[in-house]
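K.L.:
This is the structure, below, for whatever I ask next.
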Amino acid sequence: MQFLTSWFGGFLRRRHNLRLFRRSPLPDKAHGPGVVPRQLTRALWRAACNDVPSALVLLQSHEEGLSSSEAAERLHHFGPNEVEHEKPLPWWQHLWQCYRNPFNLLLTVLALVSYLSQDLQATSIIGVMVLLSTLIRFVQEGRSQRSAEKLKAMVGSTATVLRRNQGGEFAEHGARAHSRHPARHIEVPMQELVPGEHILLSAGDMVPADCRVLTAKDLFVAQAAMTGESLPVEKFSERRQLSESILEQSNLLFMGTNVVSGVATAVVVSTGNQTYFGQLAHRAVATDRAPTSFQAGVNSVSWLLIRFALVMVPLVLLLNGFTKGDWMEALLFALSVAVGLTPEMLPMIVTSTLAKGAVVLSRQKVIVKRLDAIQNFGAMDVLCTDKTGTLTQDRIVLERHTDVFGQESQETLQLAWLNSYHQTGLKNLLDRAVIEHMQLQPEPGLEAAWRKVDEIPFDFERRRMSVLLRPGNGQDRTGDTLLVCKGAVEEMLAVCTQVRKGKGKDEACVALDAAMLARVRAVTQGLNAQGLRVVAVASRQLPNAPLSACSYGVADEAGLTLAGYIAFLDPPKESTAPALQALAAHGVQVKVLTGDNELVAARVCEQVGLACGTPVTGPQIEHMSQVALNAAVHKHRLFARLTPLHKERIVQALRDQGRVVGFMGDGINDAPALRAADIGISVDGAVDIAKEAADIILLEKSLMVLEQGVLEGRRTFSNMLKYIRMTASSNFGNVFSVLIASVFLPFLPMLPLQLLVQNLLYDISQIAIPFDQVDEELISRPLRWNPGDIGRFMLYFGPLSSLFDLLCFGMMWWIFEANTPAQQTLFQSGWFVVGLLTQTLIVHMIRTPRLPFIQSRAAWPLLATTAAIMAMGIFLPMGPLAGDLKLQTLPPLYWPLLAIILLGYATLVTLLKRIYIRRFGW
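Okay, so the sequence shown: first residue is 13 according to this note's numbering, each after it adds one.
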């Protein structure tokens, strides 16, 4: 039963292609905090307990990093830095896998039988068929795999490493003796990192391997998925906590976590499956992996056809064995029927279609990291997106800098600049806007007047960050410390107790009482109503203390004095309104999930024509039950002042309602929601953690690009469904035709070799389906994977082909009197042509809900392949290979009767198609 439920997964596993259908593994709640045996983390423990020089000696590294040759040698020894790494299949093994399928194996048996009977010409023909079948698979699968790998490489993450120059000479045990050239910084793919490598980390970077910190400055790392801690953890170059838990070591960094603020250099200790997360992930998948929804869909269709084969093939064997008496021939015929019914080409066609679709999407500036994400891309009916850079131009400018009462204030701008300039976290667009604005009107001496002593990094719970400064003369080691804090207005007001009023000699501090609080909120709401994003700025003088004794934290963000506000403008894109209209026209509802103020977000939504209604805020979500949240996400379209957890909850609530959810984000805070969505969408310029969590990468952050990608994804998915429908209905019809013929005919309705030739030609005719055109109405709405629809389609259209097979049987039996074993070649030739032509004709009949050839015409590659196969089917009975295939020339009367059968078949299929569309849609 395991084979039946993981049939498509087995195909991908044998081809070593699972990586093309999986998300990049990242730590999540399912992995951590987990328990890994201490012996598996021995290298980490040794690195944590040793000092820096000893750690470098232990890892056979050097204070200037590895040389290129050393890195290459270690990469060969340790392998790629990938969790669950899957080595590419060598070409000869791939060729063998393409050969060893039921179709080729049965042809090989028939070739052996022909050789033993000294029919060398038939043996040669069958050998050519085996070679053709194998090479088609080999070329198609190889091309698809190479295309998918190239696309993944286009958006791969890199790490900055310290590379020692080859010209250095080094003493024993890694101690430096002489170096002619300084080390240099280079970017390398994360997959190429090796133990002993020195990496540079800064805010926004994902930690690419398990590392030991060498140097650190205000380094805060988010490792909640590994340890469960909600706040970022500060890391140091030395071991500060003698904890028994490897995850609590203050000088270790773990693969999959990300840097929130600060900078550091670190040496790689473990890579790939030898990392802490790699061990957790390896143990998590040691049991059977549940198939994805896409794989489950392909499995269900395949299992449906296999069940018919399991029931019908034994019946065909018994009926032909008892009625004809030749059990060997009956066995070969039954096996041929089984091969014809088994959808052995389905995985190859599906993979090729998806890979071709991914290549086309790349031309639309959409890079697919996981092939089966195309299915969800086409099925997406709700898109959750941030406001900044998606609805807006992503060119934020500092528009106002005011005091508490809304009057222009240079002091507020100076404090904001000190905060933005000195913080080492990920400098967002707001920080850059402040720094750029200050450069227009520089204040001489401001930079030298202060030196930073510490910082309290931003997190999405507090929604603010602080820097701690002292006078920059450098003479006095003691003195007042100035804390400068900026952040979201409400979160800032929660830690302020007074406001600054007046200027110069008239400056005074006034208590932040209820009346003042109302006045402050009126000013900020007025700025928000103008579409300005408001950030509050506050400060506090901390008491004198020796610098060496300073240890600042969140507790110091209290009793602050509100200085004023800085307000930013980010105008909407001109392309946003038409893109939103296009998405709505194609059945995709857009919901805005932002950390910004609800008034600003509502103003932007109004400007781009998005009817957002009443916004829902993060604090409101905090107090909602799951039932209330489900109702809110169904009703509302704008959600503001959100934390990463809020975004994740909203996405999950939408999925629980049966929606196919896409989430578009590019920040550290977006990774949980990207992972929770059916399809995570990020941009090429996103932070590492967001790119790794995403399934699709946009090379341009634009809803218009996304809308074009959605349509191309639907075209790809529609072409894949065409093949599945054709295969299911055609194979289902053949079951009944063979069964009825086996009961009533005194000979086989078709010889095993003829049946296999027909099957091969039919499969070749469908290779061009990935290149087919798709009717506009088929991509106007989201396309969902529903195996039940496939089964119903099969039951409707399958028996119709059997009806015309019976007409062919009657025609050959009574009109042409091919009703004795002596005349069986004529009967078999007649059904061979009818069967192949009706099967090929159905490709055009059910590829579109419209009238084929008139209202909807297939793409020229599909027209060419189907026309060529139909011509081949007509030619074979009268060509030079007829004798070897046991076929014969058909009488002249056969051809007009064949035309009548094909015309009648096309007419009935068209009528049945209209009935089906009225009842179930297409």
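Using N, Cα and C, we set each Cβ at its ideal position, and we do this for glycine too.
Per the DSSP calculation, Leu574 is bridged to which residue(s)?
P.N.:
Looking at the DSSP assignment, Leu574 forms a beta bridge with Val511 and Ala550.
K.L.:
Output the residue ranges of the beta strand (DSSP E) runs that lie fully inside the stretch 578-611 and measure 3 residues or longer, sorted by chain position.
P.N.:
Entirely contained in the stretch 578-611, the beta strand (DSSP E) runs reaching 3 residues are, in chain order, 601-605.
K.L.:
In whole angstroms, what is the alpha-carbon distance linking Gln619 and Pro584?
P.N.:
Gln619 and Pro584: Cα-Cα distance of roughly 7 Å.
K.L.:
Suppose contacts are defined by Cβ-Cβ distances below 7 Å. Is Arg653 in contact with Thr626 by that definition?
P.N.:
Cβ atoms of Arg653 and Thr626: not closer than 7 Å.
K.L.:
Quick one: what's Ile211 bridged to in DSSP?
P.N.:
The partner list for Ile211 (beta bridge, DSSP) reads Val173 and Ala278.
K.L.:
For Ala278, which residues of its own chain have a beta-carbon under 7 Å away from its beta-carbon, when the five flanking residues on both sides are left out?
P.N.:
Counting only Cβ-Cβ distances below 7 Å, and skipping sequence neighbours, we find Ile211, Leu213, Cys223, Arg224, Val225, Leu226 and Leu265.
K.L.:
Quick test of the definition: if touching needs 3 or more C-beta pairs under 8 Å, does the stretch 823-838 touch the stretch 865-873?
P.N.:
The stretch 823-838 is not in contact with the stretch 865-873.
K.L.:
Going by Cα to Cα distance, which pick from Leu849, Lys898 and Pro904 is closest to Thr878?
P.N.:
Per the Cα distances, Leu849.
K.L.:
Whole-angstrom Cβ separation of Val142 and Leu119, contact assumed at under 8 Å?
P.N.:
Contact holds; Cβ gap of about 5 Å.
K.L.:
DSSP has Lys498 in a bridge; who is on the other side?
P.N.:
Met477 and Val549.
K.L.:
Using CA atoms only, rank isn't needed, just tell me which of Glu660, Lys703 and Leu107 is closest to Asp678.
P.N.:
Out of Glu660, Lys703 and Leu107, Lys703 has the C-alpha closest to the C-alpha of Asp678.
K.L.:
Can you look up Arg196 in the DSSP assignment and give me helix, strand or coil?
P.N.:
Three-state DSSP puts Arg196 in a strand.
K.L.:
Does DSSP put Gly516 in a helix, a strand or coil?
P.N.:
Gly516: helix per DSSP, three-state reduction.
K.L.:
Could you tell me which residues DSSP puts in a beta bridge with Pro326?
P.N.:
In DSSP, Pro326 forms no bridge with anything.
K.L.:
In this structure, does DSSP put Glu704 in helix, strand or coil?
P.N.:
It is helical.
K.L.:
Taking the runs of the alpha helix (DSSP H) that are 4 residues or longer, which of them lie wholly in the stretch 837-889?
P.N.:
Taking only runs of at least 4 residues, the alpha helix (DSSP H) segments lying wholly in the stretch 837-889 are 872-887.
K.L.:
Enumerate in chain order the residues of its own chain whose CB-to-CB distance from Ala591 is below 6 Å, with the five nearest sequence positions on each side excluded.
P.N.:
Correct list, in chain order: Leu715, Met716 and Glu719.
K.L.:
Determine the closest residue to Met202 out of Ser813, Val755, Asp700 and Val747, with distance taken between C-alpha atoms.
P.N.:
Considering only alpha carbons, the answer is Asp700.
K.L.:
Counting C-beta neighbours from all protein chains within 10 Å, is the total for Val151 16 or more, i.e. buried, or is it exposed?
P.N.:
Exposed, since its Cβ has fewer than 16 Cβ neighbours within 10 Å.
K.L.:
For Met890, does the count of other Cβ atoms within 10 angstroms reach 16, so buried, or fall short, so exposed?
P.N.:
That one is exposed.
K.L.:
So, for Ser159: in the same chain, excluding its five sequence neighbours on each side, which residues have a beta-carbon less than 6 Å away from its beta-carbon?
P.N.:
Contacts found: Ala367 and Val371.
K.L.:
If you drop the 5 nearest sequence neighbours on each side, which residues of the same chain put their C-beta closer than 7 Å to that of Leu893?
P.N.:
The residues are Ile137.
K.L.:
Within the stretch 366-406, note down every full beta strand (DSSP E) run reaching 3 residues or more, in order along the chain.
P.N.:
With a minimum length of 3 residues, the continuous beta strand (DSSP E) runs that stay inside the stretch 366-406 are 378-380 and 394-397.
K.L.:
In whole angstroms, give me the CA-to-CA distance for Tyr433 and Gly390.
P.N.:
Roughly 44 Å separates the two Cα atoms.
K.L.:
Can you name, in chain order, every residue of its own chain whose Cβ lies under 6 Å from the Cβ of Ser282, other than the five neighbours on each side?
P.N.:
If we look at Ser282 and ignore the five residues flanking it on each side, its Cβ neighbours are Ala55 and Asp222.
K.L.:
Going by DSSP, name the residue or residues bridged to Gly692.
P.N.:
Beta-bridge pairing links Gly692 to Phe675.
K.L.:
CA-CA distance, Leu480 and Ser551?
P.N.:
Rounded to whole angstroms, Leu480 to Ser551 spans 10 Å at the Cα level.
K.L.:
Just to confirm, are Leu768 and Ser348 a CB contact at a threshold of 7 Å?
P.N.:
Yes. Within cutoff.
K.L.:
Alpha carbon to alpha carbon, what distance is there between Asp690 and Met392?
P.N.:
About 8 Å.
K.L.:
Looking only at its own chain, which residues have a Cβ that is under 7 Å from the Cβ of Ser421, when we skip the five neighbours before and after it?
P.N.:
So the list reads His413, Thr414, Asp415 and Gly576, once near-sequence residues are dropped.
K.L.:
In angstroms with no decimal places, state the Cα-to-Cα distance between Phe232 and Asn270.
P.N.:
Approximately 9 Å, taken between the alpha carbons.
K.L.:
Kindly identify the DSSP beta-bridge partner or partners of Lys336.
P.N.:
Per DSSP, none; premise fails for Lys336.
K.L.:
Which class does Arg531 belong to by DSSP, given the choice of helix, strand or coil?
P.N.:
DSSP places Arg531 in helix when its eight states are reduced to three.
K.L.:
Please name the residue or residues paired with His413 in a DSSP beta bridge.
P.N.:
Looking at the DSSP assignment, His413 forms a beta bridge with Ile578.
K.L.:
Run through DSSP, which three-state label would Arg482 get?
P.N.:
The answer is strand: DSSP assigns Arg482 an E or B state.
K.L.:
Report the three-state DSSP secondary structure of Asp775 (helix, strand or coil).
P.N.:
In this structure, Asp775 counts as helix in the three-state DSSP scheme.
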